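If you want our numbering, it's the position in the sequence shown, counting the first as 1, plus 1145.
For each residue, glycine too, the CB sits at the ideal point set by N, CA and C.
Fair warning: this is a prediction, and the values are worked out from it, not measured in the lab.
Below is one structure, written out as structure tokens, with a few remarks after it.
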Amino acid sequence: MRLYDSRMSGNCWKVRILLNQLGQPYERITLDLAKGDAQTPEFQQISRFSRVPALQLDDGRSIVESGAILLYLAQGSRYLPDDPWLRAQIVGWLSFEQGDLQKPLAQCRVYHLKGLAGQISAQIEQLHGEGYLALEKLEHWLTTHNWLVGDDYTVADLGVSIYVSLASVGGFDMQRFPAIGRWIAQVKSQPGWVELLPNG
Ligand SMILES: N[C@@H](CCC(=O)N[C@@H](CS)C(=O)NCC(=O)O)C(=O)O
């Protein structure tokens, strides 16, 4: 099994955490996105949208989209319940992450890391508005629930928590969300959780 990833991508970080939690051996090919490594015709054969993460199986087939990769890898493990209703809840949370949370949180992080935030303050304000709306929904749920789905940590918690755990880098005031803070600490204390790769 081979994972195509990049150092700074939260979507790739999700997959590395799960692979480690499952004890699944794999080869890691880390692309330099700034150099255009993901935009080659060769890589497009592996990743249809020229994006990481992409997981290539031993038979050559590949899976793209972090949520799809998490669901594939977690099959049969304690991180993905068999019950169809619980699974549907997990897919629901992973969809909420991609649809509502990921774009505003990830874009603000990138703009801050590149030192561009001051030059595009109107855009940052709009992204903060969208991000806070989604974070408030998450906070509301976590005020009365320990985990996103059922009574234990699942790939829903992993998938949703990553960009939330990086949100302060993008200028989000996370002190406003105590329930999210408690939940992120629980997620990070799960066995096998690993840090983001160092940059460089
Ligand atoms: N929805 C996708 C998003 C993947 C994505 O946006 N990947 C970015 C890095 S985080 C990428 O590969 N961009 C290609 C590039 O910058 O060349 C997922 O969850 O995997």
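Under the three-state DSSP convention, the category residue i falls into
i, result
"Tyr1149", "strand"
"Glu1275", "helix"
"Val1160", "helix"
"Val1209", "strand"
"Thr1288", "helix"
"Tyr1361", "What the structure shows of the chain is the stretch from 1146 to 1345, and residue 1361 is not part of that stretch, so it cannot be assessed."
"Arg1321", "helix"
"Pro1186", "helix"
"Arg1327", "helix"
"Ser1313", "helix"
"Leu1280", "helix"
Residue span of the alpha helix (DSSP H) that contains residue i, given as start and end
i, result
"Gln1201", "Gln1201 -> not in any alpha helix (DSSP H); beta strand (DSSP E) instead, spanning 1199-1201."
"Val1370", "The chain is shown from 1146 up to 1345; residue 1370 falls before or after that span and cannot be answered."
"Val1236", "1229-1241"
"Ser1334", "Where Ser1334 is concerned, there is no enclosing alpha helix (DSSP H), given that its DSSP letter is neither H nor E."
"Ala1179", "Ala1179 -> no alpha helix (DSSP H), and no H or E assigned at all."
"Lys1248", "1247-1258"
Range covered by the beta strand (DSSP E) that runs through residue i
i, result
"Glu1172", "1172-1175"
"Ile1265", "Looking at the DSSP string, Ile1265 is not in any beta strand (DSSP E), and its letter there is neither H nor E."
Distance cut-off 8 Å: residue i Cβ against heavy atoms of ligand 1
i, result
"Leu1258", "no"
Between the region 1169-1180 and the region 1229-1240, do three or more beta carbon pairs fall short of 8 Å? Cβ pair count under 8 Å is below three, so no.
Exercise answer, beta-carbon shell around ligand 1 heavy atoms below 5 Å: Working through the chain, the matches are Ser1154, Asn1156, Leu1178, Ala1183, Arg1196, Val1197, Glu1210, Ser1211.
Indicate whether the contact test is met: 3 or more Cβ pairs, each with one atom in the region 1156-1169 and one in the region 1322-1340, closer than 8 Å. The region 1156-1169 is in contact with the region 1322-1340.
Counting pairs of Cβ atoms below 8 Å between the region 1324-1333 and the region 1259-1278, do you hit three or more? Flag = no, the region 1324-1333 and the region 1259-1278 do not touch.
Specify whether the region 1265-1281 and the region 1237-1253 touch according to this definition: at least 3 beta carbon pairs, one from each stretch, less than 8 Å apart. With a cut-off of 8 Å on Cβ pairs, the region 1265-1281 is in contact with the region 1237-1253, counting three or more such pairs.
Would you call the region 1291-1305 in contact with the region 1236-1250, where contact means no fewer than 3 C-beta pairs closer than 8 Å? Pairwise C-beta distances place the region 1291-1305 in contact with the region 1236-1250, as three or more of them are shorter than 8 Å.
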